[in-house]
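The structure appears below as structure tokens.
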Amino acid sequence: MTRLPVRPPREQDFRSPLRDQRVTARLGLWLGIAFSVAFVTGVFSHFGQTTPGWFTYPTRPVSIYRVTQGLHVLSGTAAVPLLLVKLWSVYPKLFARLPPWPPSRAGLVNAVERISIGVLVASAVFELVTGLQNITHWYTWGFGFRGGHYAVAWLAIGSIGVHVAVKLPIIARALTTPVDAPVDMPVGERWAFPGAPDRSPAISRRGLLRAAYAAAGLVVLSTAGQTVSWLRDVSVFGVRSGDGPQGVPVNRSSVQAGVTKTARDPAWRLKLVNGSTTRQLSRAELAAMPQHTRSLPISCVEGWSAGATWTGVLVSDLVALVDAPPDSELNVSSLERSGAFSTSTLPPQFTADSDTLLALQLNGEPLDIEHGYPARIIAAARPGVLQTKWVSRLEVNA
Ligand SMILES: Nc1nc2c(c(=O)[nH]1)N[C@H]1C(S)=C(S)[C@@H](COP(=O)(O)O)O[C@H]1N2
Ligand SMILES: [Mo]
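Below, the structure is given as structure tokens:
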């Protein structure tokens, strides 16, 4: 019987030739692309929702958020298998000898590098885990998702930048060397861990990379149907790829929002407020105004989206009823009493836009209560969370 050594593992104990800098660098390249796409689209989404004063959210193209947020969720999803394989390829480094004490210059550099890689791994895992939890509505943390996910995104992208800069010579050499070429370097400069053979009997390094890319492709295909309708049938992981009333999925139902009675109340009136000028309109009065039909998608931050045809009143016609200019900023309130999405702010460029409706109909039928009956906001290009349902009040922001 062989006796296991009674000591912690050492770097040299890991002898798989698949753990090789050429494998790590190639996975890192795709991870870098995935995280960059997720970062840029995520910052766009964040500013779209928080609308800082210097940022004018675009009203065109109408599908911009559908595309950017679809890419955000897909790139994050694809990063999951790539990151797992990359971490597997380097984790023996956890058991490398610690720098000697008292520290030398090289030891200090090594310590700083370890800390920066700790931040990199922690922030990358945090982003992927919280992102996936958010799209499944599984909130186990005590912080707000959007703020936390956004703040740590800067940590992740910053530490990726530092990591790439530090490793650039190794990355360049690794990416330009064929992945399955035999190792003919002195031990200290080997790609793989010391003592690893050139080839593994089971699978080549190219084979491992192909398996990782295939896994990334598979999770993308199995999620993309929530954005790309012809992929619906293969999208087993698409969280809300299924149908909803009137062919459009629903995130927050009328029961969850506590509006089942108030939304059906015939005494419902839309209140328009511009300072001391106010108007109240019944649903019949809204329906008697000029009606406009628009094809606009609902594009959720969670990555799913659905195109639909909406009919209703132009919001610019409504603000005219209380003598406000068409480019007024509006506070939109819902019948929903609490909840983060019970109110929204409509920026001036959206109030004035001829594609911004207070919708009364969806796909040719009166709005289903789940989609915001008696009336909901639908505007081009905006994140779904701002398309307020069960609207009760529009107030001009002075
Ligand atoms: N009042 C209210 N409006 C809301 C929400 C909400 O929770 N409350 N959810 C928003 C979100 S997150 C999305 S994606 C869209 C979904 O619209 P749908 O249910 O008609 O598909 O509604 C938005 N409007
Ligand atoms: Mo959403």
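Just add 1 to wherever you are in the sequence shown, counting from 1, and you've got our numbering.
Even glycine gets a Cβ: it sits at the ideal position worked out from N, Cα and C.
No Cβ-Cβ contact shorter than 9 Å links C301 with V392. The C-beta distance from P18 to A193 rounds to 5 Å, short enough to meet the 8 Å contact threshold. DSSP places G308 in no alpha helix (DSSP H) but in the uninterrupted beta strand (DSSP E) bounded by 306-315.
Straight through space, the alpha carbons of R67 and N111 are spaced by roughly 43 Å. Around the beta carbon of H73, 16 or more other beta carbons sit within 10 angstroms, so the residue counts as buried.
Shortest Cα-Cα distance from D21 to any of I370, I116, R174 involves R174. Between the C-alpha atoms of R295 and R270 there is a straight-line separation of about 24 Å. Counting only unbroken stretches of 3 or more residues, the beta strand (DSSP E) elements lying wholly within the region 282-357 are 293-300, 306-315, 331-335, 344-347, in sequence order.
Apart from the 5 residues on each side of it in sequence, T178 sits with its Cβ closer than 7 Å to the Cβ of R23 in its chain, given in chain order. Between the region 212-226 and the region 283-297, the count of C-beta pairs closer than 8 Å stays below three; the two stretches do not touch. Contact between V397 and L347 does not hold, since the beta-carbon distance rounds to 10 Å and is not under 8 Å.
Counting only runs that start and end inside the region 258-285, the beta strand (DSSP E) elements of at least 3 residues fall at 271-275, 278-282. Taking non-hydrogen atoms of ligand 1 into account, the C-beta of R280 is found less than 8 Å away from none of them. Counted as a single uninterrupted DSSP element, the beta strand (DSSP E) harbouring S393 occupies residues 392-397. Residues of the same chain with a CB within less than 7 Å of the CB of L219, apart from the 5 flanking positions on each side, do not exist. In the three-state DSSP reduction, D21 falls in the strand class (E or B). The beta carbons of L363 and Q292 sit about 13 Å from each other, so the pair does not count as a contact at 8 Å. Within the DSSP bridge table, the entry for L359 names V314, I378 as partners. Leaving aside the five residues that flank G373 on each side, the residues in its chain whose CB is nearer than 6 Å to its CB run, in chain order, K390, W391. The residue from P62, G33, A353, S90 with its alpha-carbon nearest to that of R16 is S90.
Around the beta-carbon of L319, 16 or more other beta-carbon atoms lie within 10 Å, marking it buried. In the three-state reduction of the DSSP assignment, A97 falls in the coil class, being assigned neither a helical nor a strand state. Distance from the C-beta of A307 to the nearest heavy atom of ligand 1 is below 8 Å. Taking 9 Å as the cut-off, the Cβ atoms of P384 and S46 count as close.
V274 is positioned such that its CB atom lies closer than 9 Å to that of R394. Relative to ligand 2, the nearest heavy atom lies less than 8 Å away from the CB of E303.
Spatial neighbours of F48 in its own chain (CB-CB distance under 8 Å, excluding positions within 5 residues in sequence) are listed in chain order as F56, Y58. A382 places its beta carbon 9 Å or farther from that of S105. Taking a C-beta distance under 9 Å as the contact criterion, L32 and L109 do not qualify as a contact pair. Judged by the Cβ position, N252 qualifies as a neighbour of ligand 2 at the 8 Å threshold, a heavy atom of the ligand being closer than this. Remark: the C-beta of V130 is outside contact range of ligand 2, defined as less than 8 Å to any heavy atom. Rounded to whole angstroms, W155 and G365 show a C-alpha spacing of 44 Å. Ranked by Cα distance from P10, the options S124, F96, P367 are led by F96. Linking A197 to H150 through their CA atoms gives a straight-line distance of about 39 Å. Its chain contains A79, P82, L83 as the residues whose beta carbon lies nearer than 7 Å to that of A217, once the 5 sequence neighbours on both sides are disregarded; these appear in chain order. Looking at G71, A212, L176, the one whose alpha-carbon comes closest to that of I136 is G71.
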